[in-house]
Ligand code: F6R
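In the numbering used here, the protein residues as written are 44 to 651.
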């Protein structure tokens, strides 16, 4: 949460930093700032509000000259969004300026100690402690001071440091928060994520925990905590700049929804060979797979919802018991697992703090960890025993869509892979599923081509106050996702319920005109769902049903219906999620909300 960027080169730093920060705004957007060395001193400009406010304050950077600097876009954790709490934070004398992504957990103790020694603090942030500590420990060598500080701070951080005494360099370090180094020609960069630097270079270093970088315009040195040089491998980014641009769409979310058929195709096709699922990238052996007695799935938010789908699918198909946990709960509940447990970790960013902590806990307890990750080289990907990448490409909108769909696709691939090895499917069933999986992208396209119907439905309901999403089994898993999508980007209150559970309390909230979205795609549960639809209609609800083309009987019960193509029950979530995403998108658009950057949120949640 928060994006940082740093530049050392020959051109004016401020415009470079501003355009980098623009690409990182998805990580936080409640304030922004820059610190630049102007030849005499470090000058700081920062402001509460979107990056645009900082642009205006500095005349697009023209008012703050200099060829080296650091920038920050903030998602507030310690101290409300304000000019003073914005980063960079500077030390008492102004010698050090610091940008930070993460949380310094012991900042209060450190702050108290420094205050007793007469250091005056101006902000409420944990980051200011780092700036003040640097000055406190500084005896003429910045790297020494950084190492002293790192020995004392607890928590997660990606830090960029500018010091007036060495104005030709930025010192940077990370632990449990992402940071990359961009290698240019006569210019070098640090950044929280690749899109920030992609317009200037495609060669990067991915930093590991506690690697310290000394970045100058013509050199990049990486050291460990003992100040020994570390050899880094250059990674070349080969995705297109346009992959991280809107490409003619009004919002990233619209573009990413439309990209889903391609993203699923890109994820599935390389793993299908001769009618079988092949994972060249994993080292899990058939013996290990046969020895698993339990699977845990751990993730947050929408990735957790993929886990809920996976629980139904994996249990039904492989007959291995599956538990699915929200990562922030898993890590503190002393889960019972060991060498006979597979822990499946799902994350788009590969940096989510709770998911990463859950992964580490699972490893500590001796489980085999397999992650499904979108961002190549991210911490979760690096630390898992095996990783299966989703090939969704960069996802910029805060609300996930194409990453979610590719995660689902990997769940199907993995299910078939495990079932094949365990012999829990007949050859005919297996071949049938492979065929269905291959046909998914085309069916997704057909739904997207019908998006005008969803737009019409959104126009009927965009001003409702409450929405309930109900479904059974896999449709319940989809209700969770549909409800989250709607509430996070349109700010309409919504809840998801297992359809049979509604009458145990929540149905008392249903009144005349309450919108209930009833997912009824699962044939064997269709009649049960229709009973639940009747229950809410009797209490005055307006029902929008989502079902497959072959279940037209729904028209007798629901007020409005959206049809998706038929396919095997297990893969219907890949289809039913699309109208739910589109509904949330259009409702949010009609309400005039900031679709790609909803309030209070950030894309990459690197704090607990
Ligand atoms: C919702 C959404 C979030 C993420 C969650 C996990 O649209 O995007 O709920 O799914 O924050 O993030 P990752 O997948 O990066 O671990």
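The C-beta atom is built at its ideal place from N, Cα and C for all residues, glycine as well.
These numbers come from a predicted model, not from an experiment.
| Check | Outcome |
| --- | --- |
| Beta strand (DSSP E) runs wholly inside the stretch 404-446, at least 3 long, in chain order | 411-416, 429-432 |
| Per-residue DSSP class, three states only, for residue 50 | strand |
| Residue range of the unbroken alpha helix (DSSP H) whose run includes residue 268 | Where residue 268 is concerned, there is no enclosing alpha helix (DSSP H), given that its DSSP letter is neither H nor E. |
| Limits of the unbroken beta strand (DSSP E) element including residue 231 | 231-234 |
| Reduced DSSP secondary structure (H/G/I, E/B, other) of residue 195 | helix |
| Interface flag, residue 66 vs chain D, CB-CB below 8 Å | No chain D appears in this structure, which consists of one protein chain only. |
| Whole-number beta carbon distance between residue 557 and residue 512, since they are thought to touch under 8 Å | Residue 512 to residue 557, Cβ: 12 Å. No contact. |
| Sheet register partners of residue 119 (DSSP bridge) | The partner list for residue 119 (beta bridge, DSSP) is empty, contrary to what the question assumes. |
| Nearest-angstrom beta carbon gap, residue 130 and residue 121 [assumed within contact, 8 Å] | Not a contact, Cβ separation roughly 11 Å. |
| Check: residue 531 C-beta below 7 Å from any heavy atom of the ligand F6R | yes |
| Pairwise C-alpha distance: residue 591 and residue 472 | 21 Å |
| Assigned secondary structure, residue 322 (DSSP; H/G/I helix, E/B strand, else coil) | coil |
| Runs of alpha helix (DSSP H) wholly within the stretch 605-645 (minimum 4 residues, chain order) | 615-633 |
| Whole-angstrom distance between residue 428 and residue 645, CA atom to CA atom | 28 Å |
| Host alpha helix (DSSP H) of residue 299 (start-end) | 295-301 |
| Residue 343 beta carbon near the ligand F6R (any heavy atom closer than 7 Å) | yes |
| Segment contact flag, the stretch 619-638 with the stretch 490-501, C-beta cutoff 8 Å, min 3 pairs | yes |
| Chain-order list of residues whose beta-carbon lies under 8 Å from that of residue 517 (same chain, five-residue window excluded) | 352, 355, 356, 564, 565, 612, 613, 615, 616 |
| beta-carbon residue 391 near the ligand F6R non-hydrogen atom, thresh 7 Å | yes |
| Exposed unless 16 or more other CB atoms sit within 10 angstroms - verdict on residue 133 | buried |
| Any non-hydrogen atom of the ligand F6R closer than 7 Å to residue 648 Cβ | yes |
| First and last residue of the uninterrupted alpha helix (DSSP H) at residue 529 | 517-533 |
| Option in 609, 135, 433 with minimal Cα separation from residue 303 | 433 |
| Alpha helix (DSSP H) runs wholly inside the stretch 104-160, at least 4 long, in chain order | 150-159 |
| Proximity test, residue 442 beta-carbon vs the ligand F6R heavy atom, cut-off 7 Å | yes |
| heavy atom of the ligand F6R below 7 Å from residue 327 C-beta | no |
| Paired residues, beta bridge with residue 589 - DSSP | 562, 605 |
| Residues of its chain near residue 608, where Cβ-Cβ distance is below 8 Å and the 5 sequence neighbours each way are ignored | 486, 489, 490, 591, 592, 618 |
| Test item: CB-CB of residue 57 and residue 101 under 8 Å | yes |
| Nearest neighbour of residue 477, chosen from 234, 636, 610 [CA to CA] | 610 |
| beta-carbon residue 400 near the ligand ZN non-hydrogen atom, thresh 7 Å | Among the ligands modelled here, namely the ligand F6R, the ligand ZN does not occur. |
| Nearest-angstrom Cα separation, counted from residue 251 out to residue 73 | 28 Å |
| Beta-carbon spacing of residue 384, residue 335 below 8 Å | yes |
| Contact belief for residue 588 with residue 604 at Cβ below 8 Å, rounded distance in angstroms | 5 Å |
| Beta-ladder partner(s) of residue 92, from DSSP | Paired residues: none, contrary to the question. |
| Member of 215, 213, 245 whose CA lies at the smallest distance from the CA of residue 227 | 245 |
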